[in-house]
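First up is the structure itself, then whatever we jot down about it.
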Amino acid sequence: MPLARFLQVSDFHLGRAFGWLAAERRKERRYEQRRALEEAVRLAIERGTHAILLPGDLFDVEAVDADTMSFALHAFRVAGCPPVFVAPGNHDPASPTSHAWNPALLRARGFAWPGHVHVFTEPEWTALPLPGLEGVTVWGRCFASGMPSAERPLEPGTLRGVAADDGVHVAVFHGSREGFCPPRQAVTAPFSDDEALRSRFAYMAVGHYHAASQLRGPEGVRLAYAGSAVALDMSETGPHGALEVRITTGQGLPRTETEFLELDRRRVYDLGADVSGCGSAEQVDRRALKAMDQAGASEQDITTVRFSGRLARGVRYSGPGPELEGHAFHVRVDLSRVRPDYDLDALRRDASDVTEMRFARALLERLDAEKDPGERALLESALYYGLDAFRLGEVAPAYEELAE
Amino acid sequence: MKLLRLRVAGFGPLRGEFEFDPERVTVIVDENERGKSSLLAAVTAALYGLENDRRSHRVLTPLDRWRPWDGGAFGVELELESGGERYSVRRDFERGTVEVWNDRGQELTPQFREGKDEFPVGTKLLGLGVDEFEKCAFVRQDELDQVVPGDEKARRNGTLHARLESAADTRGGDTNASEALKVLAEALKKYTCAELEFTGTVDNAAQRLAAKRGLLEAEVHALEHQLAQAAGPLERLAKLGEEEEAARAGLAALEQERRRAGATGVLRQLREDEARRAELAALRAEAEELASCAHLPVNAEAELRETLARHEEAARSLETLESRRRGEQTREREALEGETASLEAYASCAPGDADRMVGLAAEMRRFAEEDARLRGEVATLRDALAARGFDPERAQALHQRFGALGEEHLRMLRGQSDVALAFQTEVATLEQARTESTERLREIDASRNRLRLPGGFLLALGLGAGVAGVVIMTMQGGLRLWAGLLAGAAVLSAIGGGLLAAASATGGGDRQQALRRLSDAQRRLNQLKAHRAESEVDLAEVSVSLGFRDARELLREWGESLKLADDSAPLRRAHEQLEDLEARRRATFEEVRTRLDRTGGGPPDPAHLERVAAGIRHLTAVRQRLAEMDKSWSWIDEEKHVAEAAVRGLLERAMRILHTAGLAYDPARPWTEQVAELSARARGRERLVLLTGELIPKAERLLMPGAQVAELREQLAASGAEAGPLSEADAPTPRSPLELDRETRQLREAVELAQRQRADLKLEVDEVCRRVNAERPDKLQQIERLDRAIARAKRFKSAVELAGATIQGVALDTHRRWADWLNRRVVEILETFGTRVGELRFGEDLDFSVRVWNGQQLARGKAALQLSSGARDQLYLAIRLAISEYLSKRENPLPLLVDDAFSSSDDERARAGMRLLLEGLSARHQVVFATCHRQRLESFARLDPELYGQRVRRLDMGAVGATRS
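Residue numbers (the numbering used here), protein chains in the order written: chain A, 4 to 407; chain B, 98 to 1062.
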């Protein structure tokens, strides 16, 4: 029999602008983001969870606008909604100036969190008993500012006196699991796997990383990121949603298992396509469409197509055409690995006295000697522009985003 | 490349077959205009074709220019050798076809195709376009300097420069360094920035992007500032919330205090209720006393007062009317009688006299107007007649003269012109009828004569034959003869008779008719003439009687008389009207006089007549008014009757009002007393109404319901039970209800104010938050995008500049290579000519400078002006030859087609030039040299017999003519 059942969901980032989407898509995406929160609450009620754990970044910014605030309050003000434990994250820290968490400011604006929503507004660990379940305590800590924090929430010193009794202790917080931080995300409130495993929490619901992941111990899942409830940018591939966390009692420590519940109806794909041999922009688009078909990306999905290979001389591809755009909710192409159809090795080998060859050799020698990626990219661009000038008699911006 | 043979089917003046020696210099010698230049042009045309684009050759396209002068086929065939293979290029310019074959009989045409239907064989074999070929290989005598155009732009845009670079690069065909640099520079100038929708220089784009970014950054800062600024209102909002809560707490405390004071209030309420009940009882008693006044009409007093006032007023107006009537009547009668006395003169006149006088006055005025008009008209007519030369005396004389004639004679004269006209008309008609009849008779006679002549002849012949037959028969001649003659005579006589009969019958009816018409016309003519003669006799008689010389004078005078009468008719009529008018005026005047005498006389003018008429009418009116005066004041009597009736009615009404009020009218008492009595009763009624309608119900409303009284009593009892007996003295009222109300009101106002301020601040804060949330991320995104765009632009610029700099470095080396070669080689060639040039320096753009023999350094333009024309031509020839050599260094050596290049050189230099061609250049290039200087060439050949014998193959165009097909 499960002792406790939770719905863990985080990183909604309500109010996000979605500037990377086309203007006409942004509103739709924000609507989907809100729908995800309503859906999460509905799932929590339907599944009879004891609480909703929200480890941070419910809002995208500290100064939440009235419309978003009102929506969030009403989303939780639903009959049957279980207690909600919120641990503010680095995007919506619980500072005195927080429009979302400071009760005085909130009240001043005519808002108030429903009684069953408990916000951990202290940067230290504080505990709240789980209503209706004796022996289960929910611990939480908040971010007090929007700056990255180096404080380690799970180090023994910080946890002194925390979860000291024999009950079941569940932690809700916002932090970075070391070694798993995505490239474009800041490390804040870091912790190691070891620290997590050694803590006395039966389960830790963590927010911050937008991809779902978990840390298992001998007793099952000890720590999990539910990831962002919906994909927030093009890098957030895979499914997005919530976790149902079930803690069961047995011999020894309680056992925890999680179940992923998808909330985002769209998926983000990151696909590759080789454009070698394409003789026109339309052919390039068709390669992308083929890659999307193969990956199962549908028209409602968000797709990044990373092109690679050598594009035939004179083919200018600046972005997706209408056909490709019509096959996705949003599509972005990455041309940094596409090169013009110049055989650099052949140029290196060519010992002729031709100006063009001497030009190519001069730049290739510098390129080969250069280690700095930026400089290398510049040299490579210069080489391609020069060769375009010689061979095509035409130079148009095309090689500014070359990457190794 | 070596040219071997040229077959010309037709090309300008040229036709025939020409062989070129691949090893020796082919010298074409001929007079001017014989086709030397055409031959060289034909070679170019065979290699490159002929253009026919009218846009670039508006006057004459090359195709038209080289059409055969004598018509016929238009084409060439060139055999040549290139890259170890022999080719035969056939071009039919008429049909626009090209064929390229090799010596193995294979057609290679498709290999030379370029574009849709171009076959530039020369480009494929030599790597030079037609322009470049003509600049390098085709040396015309007057176009030497075109190899290096004077204009820098033309030099830079020229492809020859590029060819030199390409040659230096050992490449042919693709873009060279200069072009690549140009392309790169162009790319930096035409950078398209999608974020700005701008195309311009990359620097401009970067600047604009940076400016836009700055703007966005400022906007973001502004938003952040607004957000920071919103912290103040937010705090104030929180503070206001606290203040509102405090005010609400105060309100709650007051409410408690009010409740505490409730018990005292209950006691007071009960006492007040008792007092109100007592007051109500007193009011009800008073109402009962006044019950008798209840039926008094509401406005009885006012009505009575009003009726009495109106009664008095009616009585007063009755008296006024009577006195007014008397006074007015007297005054009017006096006035009318006075007027009657003043109009005594018209006493004997009736109103009809006045009308007649007015009519006479109008008639007199009309007479005067008519008279003036007619007199004016007479004068006008007289002037008009006088202007036309009308002589009144002459008219009078004629009138008198013809007035003596009787009516019959006058009618005759009047109808004379009609008779003459009718005579003329009828005579003409009759003459025509007579002519037609005569013509018809002639025609009929002619027809008859046409039959009568042969008929008569045949009849005569028949009679002759019959006489002969009878004679022969008589003489016992041969039976056959006389029988035949007789038979013939019978036949001929019959025919002749028949013809004569037919002639007589022809047009019989018509002839009779024509004869009848002719005789009728003649008869009628005679009658007319007789009638006219009679008329003329009558006229003559009349003219004699009137004293005229003859009838013609009579008719002329008659005609003039008629004309004068017609002309003066209007004047005559006007005179008659004047006379008539005068008669009528006299009659009227007499009547006026008679009438005026009856009214005391006076001038007989219309104005006086009208005055008299007015006086008569006025007198009549005065008499009438006097007669009707009594009648005119009868309305006063009517008014008097009405006023008397009103007085009676009002009195009755006043009595009725008193009766209605329950009072009896007493004529002995003055009305004032009776009115005062009614007034007292009216006041009693008003009080009763006030009591029953207002005071008693109000007092009843103020009474507490019994249940409430009971409840209050219970409360009071309960309060008494809780806190002992309650009395007014110990009531806990530290503050009065008024104070409590005032404080409550203050607190409520404070709450409301806080709420209002909170609402305003909330709006402000919400708006800032909304705006920041809505705009900031978007702007940050835009900044990010602009950063990327700026980075892209900068990187593009860096990359293109780096590419350009690298190419520039490499190109300098390239330039050095071809320039060094040309500098050296041109000087060598010039030395061969004997031209003293110290040094030549080619610039990067193909321009050059020269250091001449005296050490002076001259720019190309200056050198072209300072050098003699021969030296200049040699200089350019040398450059051209050097360029051709350079371009041929690694490719197919160019054939040199030289068209009299030494024509401007002196003999020595020309000889030297020829030696250069024969000894130097022809070793590598095939040289075809055309000249018209036969003597000069022969003299050179005599001077260098061995050289010319070995190296020259002469092609005399005159001699070649023999080989022409």
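No residue lacks a Cβ here, since even glycine has one placed at the ideal position from N, Cα and C.
It should be emphasised that the depicted structure is a prediction, and the values quoted were computed from it without experimental measurement.
* Asked: When the cut-off is 8 Å and only beta carbons count, does residue 358(A) lie next to chain B?
  -> For this step, residue 358(A) is matched to residue 355 along the first sequence. So, interface residue.
* To do: Specify whether the segment 221-230 of chain A and the segment 246-262 of chain A touch according to this definition: at least 3 beta carbon pairs, one from each stretch, less than 8 Å apart.
  => yes
* Please state if the CB of residue 793(B) and the CB of residue 382(B) are separated by a distance shorter than 8 Å. => Locating residue 382(B) in the second sequence gives position 285, where the first residue counts as 1. Locating residue 793(B) in the second sequence gives position 696, where the first residue counts as 1. For residue 382(B) and residue 793(B), no; Cβs fall outside 8 Å.
* **Contact check, residue 227(A) vs residue 246(A), beta carbons under 8 Å** => On the first sequence, position 224 is the one that residue 227(A) refers to. On the first sequence, position 243 is the one that residue 246(A) refers to. It is a contact, given that the beta carbons lie within the stated cut-off.
* Burial state of residue 93(A), where buried means 16 or more other Cβ atoms lie within 10 Å -> Here residue 93(A) refers to the residue found at position 90 when the first sequence is read from its first residue. The residue is buried, with at least 16 neighbouring Cβ atoms inside 10 Å.
* Asked: Quick one, are the C-beta atoms of residue 242(A) and residue 270(A) less than 8 Å apart?
  -> As a position in the first sequence, residue 242(A) is number 239, starting the count at 1. As a position in the first sequence, residue 270(A) is number 267, starting the count at 1. Yes, these two residues count as a Cβ contact at 8 Å.
* Contained alpha helix (DSSP H) runs [length at least 4] in the segment 342-366 of chain A, N- to C-terminal order -> 347-352
* Would residue 1115(B) pass as a contact of residue 599(B) if the rule is Cβ separation under 8 Å? -> Only positions 98 to 1062 of chain B appear in this structure, which leaves residue 1115(B) out of reach.
* **Distance between residue 286(B) and residue 901(B) (C-alpha atoms, nearest Å)** => Position 804 of the second sequence, counted from the first residue, corresponds to residue 901(B). Position 189 of the second sequence, counted from the first residue, corresponds to residue 286(B). Each residue's alpha carbon lies about 13 Å from the other.
* Using DSSP bridges, identify the partner residues of residue 172(A). => Residue mapping note: residue 172(A) aligns to position 169 of the first sequence, counting from 1. Per DSSP, 140(A).
* To do: Enumerate, from N- to C-terminal direction, the unbroken beta strand (DSSP E) stretches of 3 or more residues contained entirely within the segment 50-117 of chain A.
  => 54-57 and 87-89
* State buried or exposed for residue 634(B), treating a residue as buried only when at least 16 other CB atoms are found within 10 Å of its CB. => Mapped onto the second sequence, residue 634(B) falls at position 537. Exposed is the call here.
* Asked: Does residue 46(B) get closer than 8 Å to chain A when you measure Cβ to Cβ?
  -> Limits of chain B in this structure are 98 at one end and 1062 at the other, which puts residue 46(B) out of reach.
* To do: Please determine if the segment 329-346 of chain A and the segment 301-311 of chain A are in contact, where contact requires at least 3 C-beta pairs separated by less than 8 Å.
  => yes
* To do: Tell me, to the nearest whole angstrom, how far the beta carbon of residue 386(A) is from that of residue 405(A); I am working on the premise that it is less than 8 Å.
  => Here the question's residue 386(A) lines up with position 383 in the first sequence. Here the question's residue 405(A) lines up with position 402 in the first sequence. Wrong, their Cβ atoms sit about 10 Å apart, outside the cutoff.
* Asked: What residues from chain A crowd round residue 288(B), counting only those whose CB sits closer than 8 Å?
  -> If you number the second sequence from 1, residue 288(B) lands on position 191. By Cβ distance, chain A contributes 400.
* Asked: Should residue 95(A) go down as buried or exposed, given a rule of 16 or more other Cβ atoms within 10 Å for buried?
  -> As a first step, residue 95(A) must be located in the first sequence, where it is residue number 92. The residue in question, residue 95(A), is buried, as its Cβ has 16 or more Cβ neighbours within 10 Å.
* To do: Using alpha carbons as the reference points, say which of 465(B), 469(B), 1047(B) and 639(B) lies closest to residue 513(B).
  => The residue you call residue 513(B) lines up with position 416 of the second sequence. Checked all of 465(B), 469(B), 1047(B) and 639(B); the closest Cα to residue 513(B) is 639(B).
* **residue 838(B) to residue 351(B) span [Cα, whole Å]** => Counted from its first residue, the second sequence places residue 838(B) at position 741. Counted from its first residue, the second sequence places residue 351(B) at position 254. Residue 838(B) and residue 351(B): Cα-Cα distance of roughly 9 Å.
* **Of the listed residues 163(B), 930(B), 850(B) and 806(B), nearest to residue 148(B) (C-alpha basis)** => Here residue 148(B) is taken as the residue at index 51 of the second sequence, counted from 1. Answer by Cα proximity: 163(B).
* **Through-space distance from residue 18(A) to residue 333(A), alpha-carbon basis** => Taking the first sequence and counting its residues from 1, one reaches residue 333(A) at position 330. Taking the first sequence and counting its residues from 1, one reaches residue 18(A) at position 15. Spanning the two alpha carbons is a distance of roughly 19 Å.
* To do: With DSSP as the reference, label residue 218(A) as helix, strand or coil.
  => The sequence position of residue 218(A) within the first sequence is 215, counting from 1. Correct three-state label for residue 218(A): strand.
* Does any residue of chain A bring its CB to less than 8 Å from the CB of residue 951(B)? -> Against the second sequence, residue 951(B) aligns to sequence position 854. Taking Cβ atoms only, chain A never reaches closer than 8 Å to residue 951(B), which makes this a no.
* If the cut is a Cβ gap below 8 Å, which residues of chain A does residue 324(B) touch? -> The residue labelled residue 324(B) in the question sits at position 227 within the second sequence. Those are 66, listed as they occur along chain A.
* Asked: So does the segment 922-933 of chain B actually touch the segment 972-980 of chain B, counting three or more Cβ pairs closer than 8 Å?
  -> yes
* Spatially closest choice to residue 865(B) from 69(A), 33(A), 128(A) and 360(A), by CA coordinates -> Walking along the second sequence from the start, residue 865(B) turns up at place 768. Selected option, being the one with the closest Cα: 69(A).
* Under the assumption that residue 373(B) contacts residue 800(B) (Cβ atoms under 8 Å), give the Cβ distance between them as a whole number of angstroms. => In the second sequence, counting from the first residue as 1, residue 373(B) sits at position 276. In the second sequence, counting from the first residue as 1, residue 800(B) sits at position 703. Contact holds; Cβ gap of about 6 Å.
* For residue 265(A), name the three-state secondary structure that DSSP assigns. => Start at 1 with the first residue of the first sequence, and residue 265(A) comes out as number 262. Residue 265(A): strand per DSSP, three-state reduction.
* Asked: Between the segment 142-158 of chain B and the segment 392-399 of chain A, are three or more C-beta pairs nearer than 8 Å?
  -> no
* Grouping DSSP H, G and I as helix and E and B as strand, with all else coil, what is residue 374(A)? -> For this step, residue 374(A) is matched to residue 371 along the first sequence. Looking at residue 374(A) - three-state DSSP - the assignment turns out to be coil, as it is neither helix nor strand.
* If you measure beta-carbon to beta-carbon, which residues of the segment 867-882 of chain B are closer than 7 Å to chain A? -> 867, 869, 870, 874, 875 and 878
* Asked: At what residues does the alpha helix (DSSP H) containing residue 321(A) begin and finish?
  -> Along the first sequence, read from residue 1 onward, the residue named residue 321(A) stands at position 318. Note, residue 321(A): premise wrong, no alpha helix (DSSP H); not H, not E.
* On the three-state DSSP scale, how would you describe residue 563(B)? -> On the second sequence, residue 563(B) is found 466 positions in, with the first residue counted as 1. It is helical.
* To do: Note the first and the last residue of the continuous alpha helix (DSSP H) segment covering residue 920(B).
  => Within the second sequence, the letter at position 823 stands for residue 920(B). Residues 834-930.
* Does residue 18(A) come within less than 8 Å of chain B when only Cβ atoms are used? -> Looking up residue 18(A) in the first sequence gives position 15. Cβ-Cβ to chain B under 8 Å: yes for residue 18(A).
* Which residues, in chain order, does the segment 906-925 of chain B contribute to contact with chain A at a C-beta distance below 8 Å? -> 906, 907, 908, 910 and 911
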